[in-house]
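Take the position in the sequence shown, starting the count at 1, then add 4; the result is the number in this note's numbering.
Think of the CB as a built atom: it goes at the ideal place given N, C-alpha and C, for glycine as much as any other residue.
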Amino acid sequence: MTFPTFALAQQRTSVPVRIDDEKCIADKGCTVCVDVCPLDVLAIDLTRGKAYMAFDECWYCMPCEKDCPTGAVQVDIPYLLR
Ligand code: SF4
Ligand code: SF4
5 MTFPTFALAQ QRTSVPVRID DEKCIADKGC TVCVDVCPLD VLAIDLTRGK
55 AYMAFDECWY CMPCEKDCPT GAVQVDIPYL LR
C-alpha cells in the first residue's frame with residue numbers, strides 16, 4: 005500500500021498564534037489578548053502565568069497582537085490571506 009504523502013504536506017507545522025513567554029505578563033494580571041479575541045481561543049495558563057493558544061482556530065483579525073501591551077503575541081497570517 006502506498007502512503008498518501010500529500011496529506012502530510014498539508015498539515016500545519018505550527019499554531020497560528022504564538023505567545024512569547026519571556027514577554028507575556030499574564031502573571032502580573034494581564035488578560036488583554038484573552039479579552040479581545042472574538043473566538044475565545046486564547047487562555048491564561050494559571051500555573052505558568054502565561055497566555056497560550058487553547059484552540060487552534062483563528063480569524064486573523066489581529067487585536068490580540070495589536071493590543072498586547074508587551075508585544076508578546078505574534079499572529080502568523082497564512083500566505084493566502086495576506
Ligand atoms: S496581552 Fe500579551 S502580556 Fe497580556 S496576557 Fe496576552 S500575551 Fe500576555
Ligand atoms: S487574531 Fe483574532 S481570532 Fe486570532 S487569536 Fe487573535 S484575536 Fe483571536
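Give a yes or no on whether the C-beta atoms belonging to residue i and residue j are separated by under 7 Å.
{"i": "isoleucine 29", "j": "threonine 74", "result": "yes"}
{"i": "aspartate 71", "j": "glycine 53", "result": "no"}
{"i": "isoleucine 48", "j": "alanine 58", "result": "no"}
Measuring from the CB of residue i, is there a heavy atom of ligand 2 at a distance below 6 Å?
{"i": "leucine 84", "result": "no"}
{"i": "leucine 64", "result": "The identity of residue 64 in the sequence shown is tyrosine, whereas the question assumes leucine. Yes, the beta carbon of tyrosine 64 sits closer than 6 Å to at least one heavy atom of ligand 2."}
{"i": "cysteine 41", "result": "yes"}
{"i": "cysteine 68", "result": "yes"}
Our contact map puts residue i next to residue j with C-beta atoms below 8 Å; I'd like the distance itself, whole angstroms only.
{"i": "leucine 46", "j": "cysteine 65", "result": "With a Cβ gap of about 12 Å, leucine 46 and cysteine 65 do not count as contacting."}
{"i": "proline 42", "j": "tryptophan 63", "result": "7 Å"}
{"i": "cysteine 37", "j": "valine 79", "result": "Incorrect: roughly 10 Å between the Cβ atoms, too far for contact."}
Roughly how many angstroms lie between the CA atoms of residue i and residue j, to the nearest whole one?
{"i": "aspartate 44", "j": "glutamate 26", "result": "22 Å"}
{"i": "aspartate 39", "j": "valine 19", "result": "20 Å"}
{"i": "aspartate 60", "j": "cysteine 34", "result": "21 Å"}
{"i": "leucine 85", "j": "valine 21", "result": "15 Å"}
Should residue i be listed as close to ligand 1, given that the test is whether its C-beta is under 6 Å from any heavy atom?
{"i": "alanine 47", "result": "no"}
{"i": "threonine 74", "result": "yes"}
{"i": "isoleucine 29", "result": "yes"}
{"i": "valine 36", "result": "yes"}
{"i": "valine 19", "result": "no"}
{"i": "valine 77", "result": "yes"}
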